[in-house]
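The structure appears right after this line, and notes come after that.
2 protein chains.
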Amino acid sequence: MYSAGDVRVIDVPDPVIQQPTDALVRVVNSCICGSDLHPFHNLPATPGGKSMGHEFIGVVEDVGGEVTTVKRGDFVIAPFAWSDGTCDFCREGLQTSCRHGGFWNANGVGGGQAEAVRVPLADGTLVKVPVSEDSALLPSLLTLSDVYGTGYHAALKGGVAPGSTVTVIGDGAVGLLAVLSAKQLGAERIILMGRHKDRTDLGVEFGATDVVAERGEEGIAKVRDLTGGDGTHVVLEAVGHMSAYEQAIGVVRAGGVISRVGVPQYDEAPVGFATFFVPNITLTGGAAPARAYIDRLLPDVLDGKVNPGKVFDRTIELDGVPDGYRAMDDREALKVLVRS
Amino acid sequence: MYSAGDVRVIDVPDPVIQQPTDALVRVVNSCICGSDLHPFHNLPATPGGKSMGHEFIGVVEDVGGEVTTVKRGDFVIAPFAWSDGTCDFCREGLQTSCRHGGFWNANGVGGGQAEAVRVPLADGTLVKVPVSEDSALLPSLLTLSDVYGTGYHAALKGGVAPGSTVTVIGDGAVGLLAVLSAKQLGAERIILMGRHKDRTDLGVEFGATDVVAERGEEGIAKVRDLTGGDGTHVVLEAVGHMSAYEQAIGVVRAGGVISRVGVPQYDEAPVGFATFFVPNITLTGGAAPARAYIDRLLPDVLDGKVNPGKVFDRTIELDGVPDGYRAMDDREALKVLVRS
C-alpha cells in the first residue's frame, strides 16, 4: 500500500531465515481485514510502500536451527501477532503484549498478503494443524488468525456466560464471530445490530436471536424495547467508531460490560458520572491475543461443529488484492480470502 | 447546605413514618464524606437548603407495619443508598441500581447529618448489628455505610486476588480502605500514592507495602521503577479528578484493570488505541453497593481483626458540622465523625 486507496501487487525479494528462531512460511491463504480499511482510507503517501496483511495460513518451507515445534512441510496457522510463548505475558495469555514479540508489517517482518513470510519466534507463534493444503477447512482455519479469536476475545473479556444477554454491535466478520463466540459461551439472548441483511442472516445462523437494523438513538430504543428497558448484560463492540461506542453505552444494562474489539478511531470517550460511574459499567477488550485462543477454538473447527469460515464471501488470487480492498470498502464483499 | 461553603445547622420537622416499609432511625453517629466536599465547592445557591450526609448508624425508633427485619431499639447500619433487597439488581449485589431504591437527601428523604432519618424500604436497607450505643466499634461500623464498602468495591471489581500487585491512588478515607481491602483480598504488593504522611502512615498500617508521595509524571515514573517498568496489575483510583485518571493509566500494567471509586469530575477521558486498546486495559468500578458488602465485612470488624474506623481523626457534635466541612476541606482532618 502506497497511500490511501493505492494498493499494488509487486515483486519483492524472497524472505529468508535470519534468526535461528525464524520459520519461513509459504502462504496458502491470507485475507483482507476490516482493520486494513483504516490505512486504505488514511495512509499518508509512503514512497517505499508498506506490506499488508496480518492473517495467514500456510506451509513451513524452512526453519532456523532453534525451532523445535514446527518443521518443513507442516501446515500452520499464524496469529496476527508474533510472540515468544514463554514470557510472563504469553504465559498469562496476553501474547499481544509479549516482551519479545511484535506485529506483521513492521521492523523488517513482512505481511500475509504475499507469497511467503518470515515468521519470527516460530515456536511461540505458529500452530501446527493436521490438514492438507486442499482441505475444505482452510477458510475456517484462517479465521483463527484474527477475526474468530478477536470475536472470542470480545465475548470472553465481556464475561459472557450461560444465561447472559448480549448485544453485538457491527455485522462485519468480527461482529459475526463475536455472535458465534457468545453462543459458544452460553449466551441466552444475542441481539445483533447491523444493517446488511445478508450479513445479519449469517449472524442468525451463528446464534443471534434478534437483529436490529436501526442505528443511533433509534437502534438503542429498539434494543431497550427488546430487553424490558434494561439493555443487555454484555455489549460486544466490533466497529471502532465513536457512534458504535455511544450505541454501546446506550444499550448496556446497569452493572454490565462493554467489551471493545473494534479498533477505536477516537482517543477520548464518555466514561463519566452518569454514563459509567453510577450504573457501574465496565469497559474492557482490546487487541485480541489470537494465539491464546487457537488451541481452544481449533477442535470444534476441525470437527466441523462450527464453520466460522462462512464469513468469507469472496475468493481472489494475489493479483486481485487491490480490487479486494475496493470490494470490502464498498461493502460488496464481507470478507475477502486471498489465494497465494 | 445553602450554597458552596455555606453549611448551617437548622431545626427541621421531625421525620415520621410515611410508608409501611419505612423505619425511623435516631442517628447516633454520622460523618462527612470526601464526596460532600464537591457540593461544598460548587453547590449553586439553594434558597431552601439541601440536607446532607449519606453515612449513618443509629437506633431504630419506630417501624412501619410491613417491616419485619428490624424493630424498635435495634442498632443498625444504613448504607449510602436505600434499596428493596428483592429486585434483580439487589439480588445481584448491585443495590445502587435497585429498581425501587434511591439515595439520601433526595425525593423527600433526608440525610445522615441530622438527629433522625426516615429510612425507606427498611428491610432491604438496614443491617442490624449486635452492639450498644456506647460500643468502641462504632467508628468502624460507620465506615460500612460507605467508605469501607467503597474501598472494598474498588478492590473487588479490580479483581484483586492473592499475588496481585496493586496501586492505590489517593490517601483519603476511601483510598486507605481500598488498601485495607486489597490486603484482605490477598494483594502481594500495594503501592499507595498519597502526599500526606500521617495518612499514608495509616495506609502502611492497613497493608501498603510502598508509598509514593510524588504525583503526575514523577509519581508514575516512581511506580514504574518499583515494578520493573511494568506498572501494577490493578489500580484503585480513589480521587475522581482527571489527574488521578491519567496517573492510573500511567501505572497500570498491560492486561490490567483500573477500578474507579473516586466520583469522576469529568465526562470524557482517554480510552483510545495506545492507552487502552493495545495494552488491553479494563476500566471498571463505580458507585459502590455498600449494602452488598456489609454482611461480608462485618465479622472482621466485630472481631476486631480490622479497624477501619481509624480513618476518623476528629469527632464533633452536630453543631460543629460547618467547621467539620472546613477542616476536611483544609486537609486538617482526614475524616470527621459526627455525634448526633
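First to last, the protein sequences are chains A and B.
One point on numbering: in UniProt numbering, the residue at position 77 of the first sequence is 77, and numbering is uninterrupted.
One point on numbering: in UniProt numbering, the residue at position 21 of the second sequence is 21, and numbering is uninterrupted.
Built from N, CA and C at the ideal position, the CB exists for glycine as well.
All of these numbers come straight from a predicted model, not from anything done at the bench.
Buried or exposed: where does residue i fall if 16 or more other Cβ atoms within 10 Å of its Cβ makes it buried?
{"i": "Ile-258 (chain A)", "result": "buried"}
{"i": "Gly-228 (chain B)", "result": "exposed"}
{"i": "Leu-39 (chain B)", "result": "Per the sequence shown, residue 39 (chain B) should be read as Pro rather than Leu. Label assigned to Pro-39 (chain B): buried."}
{"i": "Arg-260 (chain A)", "result": "buried"}
{"i": "Ala-274 (chain B)", "result": "exposed"}
{"i": "Thr-68 (chain B)", "result": "exposed"}
{"i": "His-41 (chain A)", "result": "exposed"}
{"i": "Asp-88 (chain B)", "result": "exposed"}
{"i": "Val-336 (chain A)", "result": "buried"}
{"i": "Asp-36 (chain A)", "result": "buried"}
{"i": "Val-127 (chain A)", "result": "buried"}
{"i": "Gln-19 (chain B)", "result": "exposed"}
{"i": "Gly-256 (chain A)", "result": "buried"}
{"i": "Val-16 (chain B)", "result": "exposed"}
{"i": "Val-12 (chain B)", "result": "exposed"}
{"i": "Asp-295 (chain B)", "result": "exposed"}
{"i": "Gly-151 (chain B)", "result": "buried"}
{"i": "Pro-264 (chain A)", "result": "buried"}
{"i": "Asp-74 (chain A)", "result": "buried"}
{"i": "Gly-65 (chain B)", "result": "exposed"}
{"i": "Ser-97 (chain B)", "result": "buried"}
{"i": "Ser-132 (chain A)", "result": "exposed"}
{"i": "Pro-130 (chain B)", "result": "exposed"}
So residue i contacts chain B; which residues on that side make the cut at Cβ distance below 9 Å?
{"i": "Asn-280 (chain A)", "result": "Leu-94, Thr-96, Ser-97, His-153, Lys-157, Thr-284, Gly-285, Gly-286, Ala-287, Ala-288, Pro-289"}
{"i": "Val-263 (chain A)", "result": "Phe-273, Phe-277"}
Below 7 Å on C-beta distance, what does residue i contact in chain A?
{"i": "Pro-270 (chain B)", "result": "Asp-267, Glu-268"}
Residues of chain B with a CB under 8 Å from the CB of residue i: which are they?
{"i": "Trp-80 (chain A)", "result": "For the record, residue 80 (chain A) in the displayed sequence is Phe; it is not Trp. Neighbours of Phe-80 (chain A) on chain B: none; closest Cβ ~12 Å, over 8 Å."}
{"i": "Gly-255 (chain A)", "result": "Phe-89, Glu-92, Leu-94, Ser-97"}
{"i": "Arg-260 (chain A)", "result": "Phe-277"}
Using only the heavy atoms of the ligand MN, determine whether one of them is closer than 7 Å to the beta carbon of residue i.
{"i": "Glu-317 (chain A)", "result": "The ligand MN is not part of the structure shown, which contains no ligands of any sort."}
To the nearest whole angstrom, what separates the beta carbons of residue i and residue j, a pair I think is in contact under 8 Å?
{"i": "Pro-79 (chain B)", "j": "Ala-290 (chain B)", "result": "4 Å"}
{"i": "Ile-77 (chain B)", "j": "Leu-141 (chain B)", "result": "6 Å"}
{"i": "Phe-277 (chain B)", "j": "Ala-287 (chain A)", "result": "6 Å"}
{"i": "Leu-226 (chain B)", "j": "Asp-210 (chain B)", "result": "6 Å"}
{"i": "Arg-339 (chain A)", "j": "Asn-29 (chain A)", "result": "6 Å"}
{"i": "Thr-21 (chain B)", "j": "Ala-122 (chain B)", "result": "6 Å"}
{"i": "Lys-71 (chain A)", "j": "Val-60 (chain A)", "result": "6 Å"}
{"i": "Ile-190 (chain B)", "j": "Lys-183 (chain B)", "result": "6 Å"}
{"i": "Val-174 (chain A)", "j": "Gly-324 (chain A)", "result": "About 17 Å; that fails the 8 Å criterion."}
{"i": "Gly-231 (chain B)", "j": "Val-223 (chain B)", "result": "6 Å"}
{"i": "Val-311 (chain A)", "j": "Val-204 (chain A)", "result": "Going by Cβ atoms, the distance from Val-311 (chain A) to Val-204 (chain A) rounds to 14 Å, so no, they are not a contact pair."}
{"i": "residue 348 (chain A)", "j": "Val-9 (chain A)", "result": "In the structure as shown, chain A starts at 1 and stops at 340, and residue 348 (chain A) therefore has no counterpart that could be examined."}
{"i": "Gly-124 (chain A)", "j": "Thr-165 (chain A)", "result": "So it is not a contact: roughly 37 Å between Cβ atoms."}
{"i": "Gly-170 (chain A)", "j": "Gly-262 (chain A)", "result": "6 Å"}
{"i": "Asp-300 (chain B)", "j": "Gly-272 (chain A)", "result": "Incorrect: roughly 34 Å between the Cβ atoms, too far for contact."}
{"i": "Leu-94 (chain B)", "j": "Ala-221 (chain A)", "result": "Not really, about 24 Å apart at Cβ, beyond 8 Å."}
{"i": "Asp-219 (chain A)", "j": "Met-193 (chain A)", "result": "The sequence given here places Gly at residue 219 (chain A); Asp does not occur at that position. The Cβ separation is near 6 Å, so the contact holds."}
Starting from the beta carbon of residue i, find every residue of chain A whose beta carbon is closer than 9 Å, and list them in chain order.
{"i": "Arg-224 (chain B)", "result": "Within chain A, no residue comes near Arg-224 (chain B); the closest Cβ sits about 15 Å away, beyond 9 Å."}
For a contact meaning CB atoms closer than 7 Å, what does residue i contact in chain B?
{"i": "Arg-296 (chain A)", "result": "Within 7 Å Cβ-Cβ: nothing; Arg-296 (chain A) doesn't reach chain B, min ~17 Å."}
Run through chain D and tell me which residues come within less than 8 Å of residue i, C-beta to C-beta.
{"i": "Arg-189 (chain B)", "result": "Here the protein chains are A and B, and chain D is not one of them."}
Alpha helix (DSSP H) runs wholly inside the region 207 to 280 of chain B, at least 4 long, in chain order: 216 to 226, 242 to 251
With three or more C-beta pairs closer than 8 Å as the rule, is the region 150 to 159 of chain B touching the region 115 to 125 of chain B? no
Taking 8 Å as the threshold, find out whether the region 46 to 54 of chain B comes into contact with the region 93 to 112 of chain B through three or more Cβ pairs. yes
Taking contact to mean 3 or more Cβ pairs, one atom from each stretch, closer than 8 Å, check whether the region 40 to 48 of chain B and the region 133 to 151 of chain B are in contact. no
Take every Cβ of the region 229 to 240 of chain B, pair it with every Cβ of the region 197 to 217 of chain B, and state whether three or more of those distances are shorter than 8 Å. no
Can you list the alpha helix (DSSP H) stretches of 4 or more residues lying completely in the region 86 to 144 of chain A, in chain order? 88 to 91, 122 to 125, 138 to 143
Contiguous alpha helix (DSSP H) assignments of at least 4 residues, all confined to the region 292 to 336 of chain A: 321 to 329
Secondary structure, beta strand (DSSP E): runs of 3+ residues fully inside the region 145 to 204 of chain A: 165 to 169, 189 to 193
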